[in-house]
Every structure is written in structure tokens, then in C-alpha cells.
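Written below as C-alpha cells is the structure these notes are about.
4 protein chains.
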Amino acid sequence: MDFSLSPEHAELQERTRVFIREKIIPLEGDKRQTRHGPTDEFRRELNKLAAEAGLIAPHVGVEYGGLGLSHVGKAIVFEEAGYSLLGGLALNISAPDEGNMHLLEQVATHEQKERYLRPLASGEVRSCFCMTEPPPGSGSDPAAMKSTCVKDGDHYVINGDKWFITGAEGAAFAIIMVKGEDGAATMFLSPMDAPGIEIVRTMDSLDQGFPGGHCVVKFTDLRVHESAILGELGKGFRYAQVRLAPARLTHCMRWLGAARRAHSIATEYARHREAFGQKLGHHEGVGFMLADNEMDIRVARLMIWQTAWVLDQGERGGTESSMAKVVCSEAIWRVVDRSVQVLGGQGVTGETLVERIFREVRGFRIYDGPSEVHRWSLAQKIMRQGANW
Amino acid sequence: MDFSLSPEHAELQERTRVFIREKIIPLEGDKRQTRHGPTDEFRRELNKLAAEAGLIAPHVGVEYGGLGLSHVGKAIVFEEAGYSLLGGLALNISAPDEGNMHLLEQVATHEQKERYLRPLASGEVRSCFCMTEPPPGSGSDPAAMKSTCVKDGDHYVINGDKWFITGAEGAAFAIIMVKGEDGAATMFLSPMDAPGIEIVRTMDSLDQGFPGGHCVVKFTDLRVHESAILGELGKGFRYAQVRLAPARLTHCMRWLGAARRAHSIATEYARHREAFGQKLGHHEGVGFMLADNEMDIRVARLMIWQTAWVLDQGERGGTESSMAKVVCSEAIWRVVDRSVQVLGGQGVTGETLVERIFREVRGFRIYDGPSEVHRWSLAQKIMRQGANW
Amino acid sequence: MDFSLSPEHAELQERTRVFIREKIIPLEGDKRQTRHGPTDEFRRELNKLAAEAGLIAPHVGVEYGGLGLSHVGKAIVFEEAGYSLLGGLALNISAPDEGNMHLLEQVATHEQKERYLRPLASGEVRSCFCMTEPPPGSGSDPAAMKSTCVKDGDHYVINGDKWFITGAEGAAFAIIMVKGEDGAATMFLSPMDAPGIEIVRTMDSLDQGFPGGHCVVKFTDLRVHESAILGELGKGFRYAQVRLAPARLTHCMRWLGAARRAHSIATEYARHREAFGQKLGHHEGVGFMLADNEMDIRVARLMIWQTAWVLDQGERGGTESSMAKVVCSEAIWRVVDRSVQVLGGQGVTGETLVERIFREVRGFRIYDGPSEVHRWSLAQKIMRQGANW
Amino acid sequence: MDFSLSPEHAELQERTRVFIREKIIPLEGDKRQTRHGPTDEFRRELNKLAAEAGLIAPHVGVEYGGLGLSHVGKAIVFEEAGYSLLGGLALNISAPDEGNMHLLEQVATHEQKERYLRPLASGEVRSCFCMTEPPPGSGSDPAAMKSTCVKDGDHYVINGDKWFITGAEGAAFAIIMVKGEDGAATMFLSPMDAPGIEIVRTMDSLDQGFPGGHCVVKFTDLRVHESAILGELGKGFRYAQVRLAPARLTHCMRWLGAARRAHSIATEYARHREAFGQKLGHHEGVGFMLADNEMDIRVARLMIWQTAWVLDQGERGGTESSMAKVVCSEAIWRVVDRSVQVLGGQGVTGETLVERIFREVRGFRIYDGPSEVHRWSLAQKIMRQGANW
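Residue numbers (the numbering used here), protein chains in the order written: chain A, 1237 to 1625; chain B, 1237 to 1625; chain C, 1237 to 1625; chain D, 1237 to 1625.
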């Protein structure tokens, strides 16, 4: 058992920390930010800075310009990057691109990698992942998928409605998941400018950090050549797991960084603002919130680290990643909610970054499987296997 | 003991409910809404509808166009109005105007009432209440007030900085609270276009339902005639209590209505959306959230009713209103947060009204005294007097 | 709407309060108490004191020696009685006798009332209620009942196993609920000394306030004449509801009194014990617990009062009593758990009464339907009917 | 970073697990148990079994018969031992003896070790630790200590009152902490049969697993030779920390094992008991409790492991052990409380071991510094140093 960081990870942690503090945080006030993230121009500038710091796409293999980080390595670097809401974008490790890179690296052919992964990893283009559907289609329950593909010679014809497609607006390509006639799901790769893809609208969302926003996308007789199948026909649900388990965990990492930021801001406020005769944080009602924040942060980090380590051992880590997702998303939420409370009126305004973080992280208790779905799935395992050791 | 509504209150409840459902909810999608509430034109139309329904400013005395509702009457009507986020504005019972009308009615001279209360009650003009200050001034702790008035002949010269001044932009007049040279606070009335009043900026806020937003206001040598003192010199802190205790409670009423709306939307979703083989709400993980919502709603309503009844008996009701504020703001928050969760991904988007409600109500755990200040004040009483009966 | 007590209820409240303080609390240290409540001798002395104060069995009709209290009246008196763990026994309003008296009064024949209700109301005898069964029989789910009755001429022959039969040891008679051959349940009255009734053992229990404890009871060919049917054949489940809904609520009342007692003891400790330079309760960490206690107490009381009032209007009040049961059992638990915490080490010892109260009330989140069963039942109603107003 | 156990720890874990399952659990029903733990005879038998399995006093150095376990090693073994409420006693790692052995090993002279540590480690004798005092003395706040020592030649004369002295009845010797005339505290060693030591009474306690119970002890002119000073004069408070930080953590370890036991029992019940048409655990209301249990168990374990690892690095680990204490004591409590709830009525009776565990662990939120004191201390650090990384 060893809770220390390897020298390499410690160096990366420090480098990322310094990079975020010195290069990224000073840019947080840049005006080139919309209701759905930075402009493309600004995003590329951020990527350039990360590349100069040797930190671009660090989770991707060296062959594609990254550092080939292990899951533990990601845990260290992504948390630090998340300390700024621009950090994940700068390092090119934000959803959905980060998960798409991971999936492409695992499953795509060499040709697909060259065409799609390489420019994605460098930040030249963005991508999206088309899985979720509006009611009565697949939301938390993927089995309810309604979108279809039908074989037509050496092509497939895709029809269906998707929504919550993060980053669709402005994406160069999509990974599209649909059901075949046999009920098995398949993933396809397609450029977004192919005929038959329509971005119906961008949804209004509480969060505002995702370039391109969350979109409603319609496929009407989209024709895709069979060479654009990602991995094998009929293995879509399996690949969704390949993508989701680590993607779930990288969300935990980035948002833990964001929670730390909120806590830092609240702490500095509590250390300097006076009320009722003493510093705010010397009132136990406030000081206890700060203490609880630090405990929640530590708990979340340990859950991430252990799960990352399990994945690094080559295990699927389904139980660990479900648990980490629930524990982290709820702990992170509490940290940010308390930070708002400590700041008083300012907490619900743009006077500090905490309000932005508050808006960004609420969705995390829902994305990648709501807490309720994970609890249900954990309970099913317990009912099958009995209590865990 | 009697938990029934008087026939008059029952009729008003039904009338308000029908009014909101038939006249106001259909207008919720009206485009004349900004990041800080409806446009003035739209607001006046809403007021007109309420006036036609005999529901405008119902808390104000008949002499000024209202219905002279008791606190219990307000509890009934305001909750119903709050069921739409436009309801409070339509009835002209939103903060800060509602509290200002109450204060003017209690304290102002006949002349002041004619000049300020009458047009405010009819919705002809809006107002603001200038008390809160940026650090190191008065936030939760009013004693820290830094703004000052200095007597100069039959005038007072006012200087200072205020913020979180809701509705300042577009307000016709302000109630301004400042400290005199003896440390006692006084309230003044002033038109907003008087020389020496500057709206520095509008703060970015999580909520977006308040016309005029929350503003930073600067007073530089603002001269106010002594006839514009509201009530008596040096009684500002006392009047702040006159205003705050009921204002706290009317917040509870309106936001309880909003919480009910969120719960209704979540409930209808859970009754119709299927996942994992059955209606969402038949999963206990979801159904229990709905059950908890109904319990929290009931608890909040009972706390409001009892406090309103105590105030109607002529008591100050300080303990009751502190308790009601904490219990309601936290119960309402839980209801809305659960409603978001039930809706899944949609909960954090503009697909339903719940996201808007979520943004509006977070501040309520902070406004009118954060939960921590009320708990502290309740604890002080217990330490002085021992356990309550 | 009226939150005041009628003069009669106010007088009864005061009389009960004085009675408990002056007559009962001084006897709390009496040695005639076992691991399962006071001895019979001591219990009769307590009843005698209550009778002298005009407070014996106040929920029973005047004809049987009581005061014929309404549900609201019970709410007032039972809470006061619960302030001492001996109070309920003194007034003869404890489970299961209180609920049995209520059921007999509603359903029994005149003859049955004379034989069973009269001596029960006076405290001359105790009774028990035989419904719950060990696995795989009926626990939270009454439909799983396994015990049976078979008609044999003008008698019924009863067989089956029951447990958690509170007060069986020492009871003069039992109400026995079993299923007939058609699956419908029937209630029977039987003396406990009838052949065929065996008290197998007394269960070890966390609580220790119930005379007779919780017993395992076995029926082997118990013969009961048809005149001993309580109410009508086959209506057992309906009568169980007649008994349970108010019984649920009277538990809330008594245990609210007990929670107040715990809170009082904790408050006095926090007001006088010093630590880290000031009175314990001036530390916000402790003071906030006291404030939360008072809020929980108030919430619980309001839920009880409203439900009692609804029952007094002649309504079934199923939703209200389910909600009251969940809210009260959980609020009361929090109050007592916090009181333990405030007392520090002493909280988990017999140095104060709080440890006893802690042991008594844990079961209340389970008895009379666990919180989970009530939440489920509330959710079912919401799914059927939509959101409540 | 490495979350795996060393082969040696893995072997010890398995050995302890098998030992508890095969040798100790079968003895849990042994009648030689009182309201305050096993009889001395039974305890010695348990120790003998542990010695045969090579598991007696494993935290003590090899020189004194133990295995010289690191803190991480203790984390592994103590959790397994805690799976039975008799496990800690069997391995001779229960409070207060475990902490006393640790302190003696760190601080005592060779002679003191031979006289006191050796027979304590082998289980030949028991000991107690006399620090806590009744009001107005030292409870959570050690600075309030009232007991005194006065030098008299080469002796010290000790006077004072102590309580919550676990295991005093039947202990062979005591470590006694008192204040000198200069206000500095000193620890002394004394046989319990020395003139001047009186066990006034054994306190009634919710827990019942500690041999000797929790006692009130009075020192009247107890004379101790200066050779019986433990460590150095005036360093009592420092040694208290030497003892408390690890003792706090070993409590976490043992009670985590107990929580796992409660969870296992509840899980097996939920897997087999049917209600409302399906296995209990397939109701989400129950299944979610089981899932939450497993998450809480994992969180607690990670906090323990990390803290143990930090201590093994030679650091004081004050922050880590405060956090671990709060997180573990509260997580363990939730696990056990939920296990009670899952079991329904049986949960509050002796039908399963869960009720015993429930009684044992409630105190842990109070012992070794209540949660409130640790939160306060963590908050103080944050106020001094700012947010932790």
C-alpha cells in the first residue's frame, strides 16, 4: 500500500498546477466566452498554451501527441486542470472529446485513428457523441434506444433523434450509436457536414462551459459506409461501457478540481470577511462548513485514486467506478453548495467564480448515470452476490 | 384549533389559482423577458390582468387599492401566485416592492403614502430598498453599516456604497438606510433620479426573475430634505425589523408556490416517462423523492400558516419567523433539487421551468438572513431562556 | 384558521404538565422497574395517581371512565404525558392498550366492552394485540399473514405463530388477528389464559419501557367461540386500519413529549457546562443542534395537530397520518440523537434520562409501518393522482 | 500509488478472517458475558485462542509477544477482528488496553515495560486509563483538568475524580493523568489495589462490550513513587496525543469491522425475506440502503488506510486522523443505523447481533473527541493556513 505519488506524477501535478495558476486563471476573464463555452479561437489559444507546457491531451498515447497517462496519472493531472473551468478545455481533456479520444484509441482502426483521432487530440477539431435520445427513447436506460440503422449494400442508413449531444454545434465529426434490426447497437463515425445530419437547436442549459452547448440532432437517411463502423457491428453497448466507465471517472477528477476552487474562494472569504465581531470562519457555523468541505474533498479524491488504480490493474472496475461516481458527484455538490452558502449573497452572483462552478456541477449528479441508477445497479449486485468484503 | 380556510380565503385561493392557471401560465413563454425579469411593458400588462381579477397588491389596504389581507390571507394568496414565476410580479407582491409597501403603510406619513405608496401599489412605478453594503460594510450583520447621513440645515447629506439593491435599475424611488453620527440608523425616501445617486452596475446573478436585477448603487453627497425621513430619525434598525420579519415570510409563501410548481412538473414526468421497464415514479428511488417533496411542502406550509397566524394575533413572532425562514428555505430547496433530479438531464436545461425555479430559489437560503444567522439567533434565545415549551 | 388551544384543552395541557412534573417525574427513579417496564404494582400506583388527577384513559369515552378526548385533545394531553417515560403508562395511554381501547370502543359489542374495555380503561388489566408474525409471515406486509382460523361448529380453531406481541406477558386478554380459509382476516378476543396460548419467550429489546416486553406467542388449536369475534367476520384488515391510523398518531404524540424531554435535558447541560472557554451552547456547533431541535419539535407538533384535526373532521386521513408518521418519527429521532451528542459521554450512559429515551424511540422509525413503507405508499398515491395541491 | 496489500498483510488478513469466522463467531452466544463484556475467564480463553493462531496483541513489538504491526498492518487486522464484537478482546486489541500498550511501548522505561506492558500484552491482566473527569473537569477539553499531584519527597500525592474510566473494575493497573502545581499534566503508573484508589461505581452504559464497564474512580491521597512517572514530568498532554491519535484510528478500524458485520446481516436478511411481492432488497428503498452501506464502508476504509499510511511515514497525521475519525464514526453510524432499519422490527431486538452493534457504536461519534471538536479543530487550521491542496 502506498499513497505517495511517483516522482513523475508529482512533477506533472506541480507542472499542471503552475500552468493553471500562471497561464489559465489570468485568462478566465477573457471576453471570448459565450453562453456555451469559449469561442473556437479562444479555445485554440488555450490548447496552444497547453501544448507549449507539454500538457496537451495527456491521456492520449505518445503516438498521437499525448503523454499516455495511466488512469492514476489522469487522476493527478485532471484534478489540477479542473481547478480552472478553462483548464479542461486547455488540456483538451473535456467531455465529450476526452472520452471520444479514449474510445477511438481503444477501438478504432489505424485509418480511423489517423482521420479522426489525430486532429481531435491536437485540438484542431472537436467531436460529439450521439447516444442519448429524447423520450420515449434512451435516457438513463440505454435499452430504450429508438434510432436505427438499416443495411443497404455496403452502406448503412441511419435515422433517429438525439439530444443532449454536447458539442455538436461546431464539431467536425460524430460517433453515432444506433440500433440495428436485430436490436444490437452499433457505433458509426461520420463527419458532421454529411447530408442527413441536422442540428435542430441548442438546448438552454444551466451549465455554460461546454463549447457548442448541448444540442438536439436529427438523422434523416444519413448514409454511412461500412468502413465507418467503429469497432465491430453490434457491439455498441459494450463500447459504450468502454467509454463510460473511465469517462465517468474523468468527470470526477475535473469536477473535484472545480470543487477545490470553490472551496478555496470560500475559504479566503471566510478568512477575511468580518461579521458579528469576528472573522466569518471563526463562527463555527461557517468553520464547520469549511471543515466538511475538506473532508468531502479528501473522500472524493481517495475514491477516484482507488478506482483509477483498479482500472490500471486491467480490471473493469464497474463497482468501483459506480461507487466513485455517486460518492464524488454528491460530495462535490455539497462542497460547492456550501461554498455558495459561505459567500452569502455573493455566492449567487458573478462576483466570484463559485456561482459558475455551482451551475456547472449540478448536472454531474445526473450525467453518466444518475445517482439513482448507480445505487440501483449496486443494489442488484449485492442482491446477487451478498455483501462485499 | 382549526386548519380550515375561511370561506373568503378559500374563494381567494381558488380565484388566484384559476387566475394563475388561465391568465399567467399561458404567458410564461412571452419573449419580453430579460436576464433580469420581464420588461416594464410586460410587467404592466401582467398587473393589468391582476387588477381585472381583483388581485392587485392584495396585501395593501383597501384605501390604496388592495384587499387589506391579513398575514394568513397573504399565506393563501401568495403561495398560489408563486406557482408561476410571473405570478408575484402580476399581483405586485414581489420583493422588494411588497416589503416596501408594507413598510410605507406602517410608517410613512399621509403625504409620503400619497406620493410613494399609491403609485407603487398600483404598479405604476417600482421601488428599491438600499440597505445591504459591500464588504466591509453591512451584509448579514446590519451593525457593520458604513453609509452615513450628516445633517446640514433642514437637509441630510448621504454618502455610501450599497449593493444587492434589487430592482434599482428602473425604480422610481428608493428607501435608503444609513447611519447618523450617533451610530443610529435612519431611513430616507428619495426619487432615484435625484443628483447624487448612481447605479454603478447590475450584478450578474443566478436568479433572473427580478426586474432591474441586483445593482451596485453609490450615493455621493445625496441631499434629502428632512421631510423625507421615513418614520422617525434614528429608528432605522427598528423599521428594518418591521419590514424584514413579514418580508421573510412572504418569501416563504411565494417560493413555496414555486416549489409546488417544480414538484408538479417532476411528478407528471415521473408518471409518464418509462425507464427500466416501468414508469419512472414506480421506481422507489424516484417515488420516494416525490413523497419527500410532498412532506416538505406540507411542513413548509404549516410553518408559514402558524407564523402568519401568530403575526395576525399582533405578536412580533420573531422566533416563529426565524424558524419558518430556515425550515421553509431548506425544505423548498430540497423539493426543487429533487425535482431537478427526477427530471434527469432535462432538469438542468430550459426544457422545463424547473431549471429556472432552481436558479431562483437557491438564494433564499441566504437572503433575509442566511440559515446560519437564524440558527445562531435561535440558539442565543435558547441559551438565555432555556428550552421552549 | 386558528392555532390556539380551546380553554378546555389549555386547562388539560396545564393540568397534565403539572401532574407529570409534580407527581410522575419524582417517581422516575423508583426501583420497581424491570428490563420491560414498571412492575404491575408500580404501574397500578401510577394509574391511581392519574385517576386522582382526573387524567386516566382520557381518550376513552366518559362511559368507560375517560374524558372522551378528540384527536386534537389527545395531541395536547399525550404530548405532555410523554414528557416522562412513565407518563403514558400513568395515564393508561400507552401502546398497545391505548390502541386496543380505541378499537374496542369503535367495534366491540356492548357485552365485549363491559368484559374487556372497562377493566382495561381503568388500568385493572393489560392487553395485547396479536398481529405481527415471524418470517415468512406478516411483518410490514400484512397480506403475508400465515396464522389461520378454521370454523368448527360455533367455534373457531386458531393456529399460528406471532411475535413482537407487546405486553403479552401479564396481559389479561388478547386481540388476535388471523386469516380464514377465504384469505380474509378476522379479529378475535380471547383471555390469555385460554388453553392453546403459549408465550414462548420474551424478546430482548433495545427499548425497555413496555410492561411485559415484546413476546413470541404461539397458538395451538386455540378454540374461540363466535361471540368473541371482534366486529364482523372477515373485516380484520379494515379494523387494523381503524386501529393503526390513530395508533400511529398517538405514538407521534407521546414520543414528541419524550423528544422534548431529551431536548430540555440537553439544553440545560449546554447552558451550564463550560468547554473551551465558554458555555457549551455558545459554541455554534452545539447551539445549532439546539436550534435544530426546536425546529424539529415544532414541525412534528404541527404535523400531529393538523392530522388530528383532519381525523376530528371525520376523515380517514390516510395521507396525513402517513406523512405525520414519517416526519415525526424522523424528526423525533434527530432531536434525541442530537441531545445525546450535546451531552457528550454522558449521553450514552444512564447519567441522564436521554440514553433511555434514545433506546425507546429508535424503534419508532420501524413500528407502525417503517418509513420506507409509508414513502412507498405515498408515492403510489402520487403516481395514481398526481401532485397534491 | 498502490492499493494492494503486501503478501504478508494479505496472509494476515485471511488468517484473521478465518480465525474470527471459525473460532470466535461460534462463541458469540457463550453465556459468560455480562452487561459489561465477557467474564475474565472467558476473555482469557479468547486470548488463548488468539495466541494459538499467532494473533495475540499483534500491534505490540515481537519482544513483548506481538507481531510489531505497522499502522497499515493494524488497519488490515483490526478491521477483520472487529467483525465479531468479541474479536478485539480475543486479539487483545480493545480499548483501553490497546492504546495503553502503544503508549507504554513508546514512553515507558524498560523496567516499567517489564512490569506493566508484558503481562498486559499477553492478556494476563487488564489496565485502565484515567484521564476524563466529571463536570466541571476535563471532558472534551483536556485543559479543564482538575485532578492534581503534589510532590512530597520522592513521592507524588494524587487527588481527584475521574469518570468514564473504561475497564477500571478488574484492572490490574492504571495510567493516571493529573495536573501539577504548574498546570502541566503528568502521567503516573499505579497498581489499582494501591491505597487511595476507589472505584465509586460502574456507570450504566448503552454499550456493553467493555470488560469492567465505564467507572467512576476517586483518588484520595494516592501516593506514587517518582519512578512511576510515565515518561517525563509535565509531558502528560503531549503523551495524551501520542496515545490518542492512533487510538482514535484503531477505534475506526475495529468499528468498521463491526459495521461490516451489521451490513452483512442486513444484506442476508434483505436477500431472503419477502415483502410486497419480492425480496426485500429488490425494493429500491431497501436496496439503496445496502448500496449506501457499501459506499460508506469503502469511504471509511480508504480514510483509515491513508491515515495509517501517513502515520507509518513517521508523520503526526493530526489532520488526517481528525478527518478519519469524523468521517469513519459518522459513516459507520449510518451503516449500522441503516442495517437496523433494513431488519425492521428485529433490528431493535436481540434476534440478531445488529442491535448490539448499534449500541456499541453510538458512542464513537463522541469518544476520542466528538465530531464537533474535530470539526472545530479542522476549521481552526483552515483559518490559519488557508485551504488544503
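All residues carry an ideal CB built from backbone N, CA and C; glycine is no exception.
Check	Outcome
Just verifying my parser: in three-state terms, what is the DSSP assignment at F1512 (chain B)?	coil
Who are the Cβ neighbours of A1495 (chain C) in its own chain at under 6 Å, not counting the five residues just before and after it?	I1568, V1571, V1572
Whose CA, out of B:G1375, B:R1620, B:Q1616, B:E1556, lies closest to the CA of G1583 (chain A)?	B:G1375
Take S1575 (chain B) and list the residues in its own chain whose beta-carbon comes closer than 6 Å to its own, dropping the five residues that flank it on each side.	A1498, H1499, A1502, V1590
Give the list of continuous beta strand (DSSP E) stretches no shorter than 3 residues that lie fully inside the segment 1367-1394 of chain A.	1384-1388
Tell me the DSSP secondary structure of R1362 (chain D) in three-state form.	coil
Shorter than 8 Å from the beta carbon of G1517 (chain C) to some beta carbon of chain A?	no
Using a Cβ distance threshold of 8 Å, determine whether the segment 1605-1621 of chain C contacts the segment 1507-1524 of chain B, with at least three qualifying pairs required.	yes
Please check the pair R1595 (chain C) and Q1444 (chain C), which I expect to be a contact at CB under 8 Å, by giving their CB distance rounded to whole angstroms.	7 Å
Could you tell me the distance, in whole angstroms, from the CA atom of R1601 (chain B) to the CA atom of R1601 (chain A)?	21 Å
Assuming E1299 (chain A) contacts Q1249 (chain A) (C-beta within less than 8 Å), just tell me the rounded distance between them.	Contact flag wrong, Cβ pair sits at about 24 Å.
Quick one: using the 10 Å Cβ neighbour count with 16 as the cut-off for buried, is E1405 (chain B) buried or exposed?	buried
Taking only the alpha-carbon atoms, compute the straight-line gap between L1285 (chain B) and A1623 (chain C) and give it to the nearest angstrom.	27 Å
Going by alpha carbons, who is nearest to V1283 (chain D) out of D:S1242, D:P1355, D:G1309?	The sequence shown places Asn at residue 1283 (chain D), not Val. Answer by Cα proximity: D:P1355.
Taking the alpha-carbon positions, what's the L1458 (chain A) to A1430 (chain A) distance?	7 Å
Of all the options B:E1244, B:A1408, B:V1313, which has the alpha carbon lying nearest to the alpha carbon of A1544 (chain B)?	B:V1313
Suppose the cutoff is 8 Å on Cβ atoms and the five residues either side in sequence are ignored; what does the same chain contact list for L1241 (chain C) look like?	Q1249, I1312
Among all the DSSP beta bridges, which residues are the ones paired with M1439 (chain D)?	D:H1450
Do C1564 (chain D) and A1527 (chain D) count as a contact pair if the criterion is CB distance below 8 Å?	no
Taking CB distances under 8 Å as the criterion, tell me whether E1520 (chain A) reaches chain F.	The structure shown contains no chain F; its protein chains are A, B, C and D.
Decide if P1294 (chain D) is buried, meaning its Cβ has at least 16 other Cβ atoms within 10 Å, or exposed.	buried
I want to verify the contact list: residues of chain D whose CB lies under 7 Å from the CB of F1524 (chain B), in sequence order.	G1521
What residues in its chain sit with their C-beta under 6 Å from that of S1557 (chain A), if we drop five residues either side in the sequence?	A1481, R1484, L1485, T1543
Does DSSP put T1270 (chain A) in a helix, in a strand, or in coil?	strand
Taking T1422 (chain D) as part of the alpha helix (DSSP H), name the residues at either end of that continuous run.	Looking at the DSSP string, T1422 (chain D) is not in any alpha helix (DSSP H); the run it does join, the beta strand (DSSP E), is 1421-1427.
The alpha helix (DSSP H) that contains M1619 (chain A), what's its start and end?	1607-1621
Distance check for A1560 (chain A) and E1629 (chain A), CA to CA, integer angstroms please.	Residue 1629 (chain A) cannot be examined here, being either before or after the span of chain A that is shown, 1237 to 1625.
Any chance the segment 1448-1468 of chain A sits against the segment 1394-1411 of chain A, with 3 or more Cβ pairs inside 8 Å?	yes
Since I believe G1373 (chain D) is in contact with M1381 (chain D) (beta carbons under 8 Å), could you give me their beta-carbon distance rounded to a whole number of angstroms?	6 Å
Report the rounded CA-to-CA distance for D1397 (chain A) versus E1504 (chain B), giving the unit in angstroms.	23 Å
Who are A1410 (chain A)'s beta bridge partners in DSSP?	A:C1364, A:S1426
For P1274 (chain A), which residues from the same chain have a beta carbon less than 8 Å from its beta carbon, with the 5 sequence-adjacent residues on both sides left out?	D1266, R1268, L1282, L1322, L1325, P1447
Under three-state DSSP, which class holds D1418 (chain A)?	coil
In chain D, what lies closer than 7 Å to Q1542 (chain A) by C-beta?	F1239, L1538
Select from C:P1606, C:Q1577, C:T1588, C:L1547 the residue whose C-alpha is nearest the C-alpha of D1238 (chain B).	C:L1547
In chain order, what residues of the same chain have a beta carbon less than 6 Å from the beta carbon of Y1392 (chain C), not counting five sequence neighbours either side?	C1385, V1460
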